[in-house]
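*Asks:* Structure provided below as structure tokens; questions to follow.
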Amino acid sequence: DLIPEPILQRCIKVADEAPSDLKSNLRRAYSKFTQENIDACMKPREFKATLFALCFFHSLISGRIKFGAQGWSKKYPFNDGDLTICGTVLKNYLNNAENLGTEVPWPDLRYIFGEIMYGGHITDPWDRRVNNTYLAVLVTPELLVGGSLAPGFKSPDATKLEYSHYVKYIEERFPPEVPQMFGLHPNAEIGFLTNQGISIFKTISEITGGGGGGGSGDISLAQPIITNYLTKLPTNLDMIDIRGRLKEEDYTPFVMVSLQEADRVNGLLDQIRGSMLELELGISGALNVTEKMEALSADLQANKVNAVWAEKAYPSLKALSAWFEDFVQRHEQVVDWTAQLKLLKSVWISGLFNSMSFLTSNMQ
Numbered sequence: 001d002l003i004p005e006p007i008l009q010r011c012i013k014v015a016d017e018a019p020s021d022l023k024s025n026l027r028r029a030y031s032k033f034t035q036e037n038i039d040a041c042m043k044p045r046e047f048k049a050t051l052f053a054l055c056f057f058h059s060l061i062s063g064r065i066k067f068g069a070q071g072w073s074k075k076y077p078f079n080d081g082d083l084t085i086c087g088t089v090l091k092n093y094l095n096n097a098e099n100l101g102t103e104v105p106w107p108d109l110r111y112i113f114g115e116i117m118y119g120g121h122i123t124d125p126w127d128r129r130v131n132n133t134y135l136a137v138l139v140t141p142e143l144l145v146g147g148s149l150a151p152g153f154k155s156p157d158a159t160k161l162e163y164s165h166y167v168k169y170i171e172e173r174f175p176p177e178v179p180q181m182f183g184l185h186p187n188a189e190i191g192f193l194t195n196q197g198i199s200i201f202k203t204i205s206e207i208t209g210g211g212g213g214g215g216s217g218d219i220s221l222a223q224p225i226i227t228n229y230l231t232k233l234p235t236n237l238d239m240i241d242i243r244g245r246l247k248e249e250d251y252t253p254f255v256m257v258s259l260q261e262a263d264r265v266n267g268l269l270d271q272i273r274g275s276m277l278e279l280e281l282g283i284s285g286a287l288n289v290t291e292k293m294e295a296l297s298a299d300l301q302a303n304k305v306n307a308v309w310a311e312k313a314y315p316s317l318k319a320l321s322a323w324f325e326d327f328v329q330r331h332e333q334v335v336d337w338t339a340q341l342k343l344l345k346s347v348w349i350s351g352l353f354n355s356m357s358f359l360t361s362n363m364q
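Quick note: the sequence shown uses full-length UniProt numbering, first residue 1, plus one each step.
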């Protein structure tokens, strides 16, 4: 009962991703709980108010990820399980509040949420400080009297609203999202919006470049491009011959850098040649067409550097045609360098795979 592979190759691929905006994240977080969860707590007013603040906190720390390094110094695996466990802890603490001699144990809740549940994912001390600051502002007694959760967004009145009313409150009262709601500078979203724009243009480029369908009729359009690049692709450097010409005393820092550059050039040549020959076999029908082949075909037709090639190469924003010519020139420099096995009179430093190693060898 399996779907035939040719049909799958021609299908549109759809991915279900979690929302990135604050309102959708809050709606999604609150949907993890039900009226039954509220009824199970002996202090429903305190539970509703604190639970809503906890959901808002979860939305904030999840939403900060989109701001990159301004949000968190690294990506942390915050998930819905953290939220639901904290909800259970909140209910248990409120049910036992009288035994603790307090109405609501605010410091205990902040510590468990910030240092154990969510804080257990956080490794950077400054990120932990941000996390705990959120909780210090949000999880407070002011929740019970309509305290502010963010600019223009107050905590709902827990004495009047039921579960369904909270959902309606999110839909009707949530203000337009701005970086200030995260406690960030207004300019913090510039990087996020720039990356979002680049992603949109990249997607449009891939669609117009013929990468949408992925069938054999599409990838066959890449054949003349493959032939052109394979014709121009330089040959690999003979590392056995190069190392055979070296004596033990010849292994100076500059020579070591040249050998490293030669290895990197050969690695990239192997990757380019191997992937294009594999795509040729896919076009001819000798191999089943894979997602990697489809991606390479789309990149070739869109004049874009393939992601697998880029991993083996050096940082560059050039289009494929310019990138390829640049790589050929880099190859020529390494050929000249390994032919002499001594420092060249003139070195194109930015044309090296790892220019820092060359500069370090100068210091040595």
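We put the CB at the ideal spot given by N, CA and C, even for glycine. In this text the structure is predicted, and so the values were computed from the model without any measurement.
If you compare alpha carbons, which of L83, P105 and V328 is closest to T235?
*Replies:* V328
*Asks:* How would you label I116, buried or exposed, when you count the other beta carbons within 10 angstroms and need 16 or more for buried?
*Replies:* exposed
*Asks:* Can you give me the C-alpha to C-alpha distance between E248 and K232, rounded to a whole angstrom?
*Replies:* Using only the alpha carbons, I get a separation of about 36 Å.
*Asks:* Measure from the alpha carbon of residue 377 to the alpha carbon of each residue in G191, S199, E261 and I349, then state which is nearest.
*Replies:* What the structure shows of the chain is the stretch from 1 to 364, and residue 377 is not part of that stretch, so it cannot be assessed.
*Asks:* Using 8 Å for Cβ pairs, my map puts A262 next to L246. What's the rounded Cβ distance?
*Replies:* At roughly 12 Å, the Cβ-Cβ gap does not stay under 8 Å, so A262 and L246 are not in contact.
*Asks:* Which whole-angstrom value describes the C-beta separation of L22 and E142, a residue pair presumed to lie in contact below a C-beta threshold of 8 Å?
*Replies:* Rounded, the Cβ-Cβ distance is 20 Å, inconsistent with contact.
*Asks:* What does the alpha-carbon distance come out to for the pair R243 and V334?
*Replies:* One C-alpha to the other measures close to 14 Å.
*Asks:* Mind reading off the beta-carbon distance from G114 to L94? Whole number of angstroms is fine, and I expect it under 8 Å.
*Replies:* Actually they do not touch by this definition, with Cβ atoms about 18 Å apart.
*Asks:* Whole angstroms is fine: what's the gap from L83's alpha carbon to S148's?
*Replies:* 21 Å
*Asks:* Would you call D127 buried or exposed, if buried means 16 or more other Cβ atoms sit within 10 Å of its Cβ?
*Replies:* By the neighbour-count definition (other C-beta atoms within 10 Å, threshold 16), D127 is a buried residue.
*Asks:* Taking just the CA atoms, how far does L8 sit from L144?
*Replies:* 54 Å
*Asks:* Taking the C-alpha atoms as reference points, what is the distance between G214 and K13?
*Replies:* Any reading at G214 needs caution, since the residue's pLDDT is 41, under 50, leaving its predicted position unreliable; the model's value is listed next. Answer to the nearest angstrom: the Cα atoms are 10 Å apart.
*Asks:* Along the chain, where does the beta strand (DSSP E) that runs through S148 open and close?
*Replies:* S148 to A150
*Asks:* Run through DSSP, which three-state label would F153 get?
*Replies:* strand
*Asks:* Candidates G183, N92 and T227: which alpha carbon is nearest N37's?
*Replies:* N92
*Asks:* Going by other Cβ atoms of all chains shown within 10 Å of its Cβ, with 16 needed for buried, is L230 buried or exposed?
*Replies:* exposed
*Asks:* Kindly list the residues whose CB is nearer than 6 Å to the CB of L185, restricted to its own chain and excluding five residues on each side of it in sequence; keep chain order.
*Replies:* This sequence places His at residue 185; Leu is not what is there. So no residue of the chain qualifies.
*Asks:* Leaving out five residues on either side along the sequence, give the residues of the same chain with a beta carbon under 6 Å from the beta carbon of E189.
*Replies:* P179
*Asks:* Would you mind working out which of Y111, K342, V137 and D326 sits nearest M256, comparing C-alpha positions?
*Replies:* K342
*Asks:* Note down the Cα distance separating S31 from A150, rounded to an integer number of angstroms.
*Replies:* 20 Å
*Asks:* Which of the three DSSP states is assigned to P175 in this structure?
*Replies:* coil
*Asks:* For V308 and N131, what's the separation of their Cα atoms in angstroms?
*Replies:* Approximately 36 Å, taken between the alpha carbons.
*Asks:* Suppose contacts are defined by Cβ-Cβ distances below 8 Å. Is L300 in contact with I226 by that definition?
*Replies:* It is a contact, given that the beta carbons lie within the stated cut-off.
*Asks:* Can you tell me whether H165 is helix, strand or coil according to DSSP?
*Replies:* helix
*Asks:* Less than 8 Å between the beta carbons of residue 374 and Y166, yes or no?
*Replies:* The question about residue 374 has no answer here: the residues shown for the chain are numbered 1 through 364.
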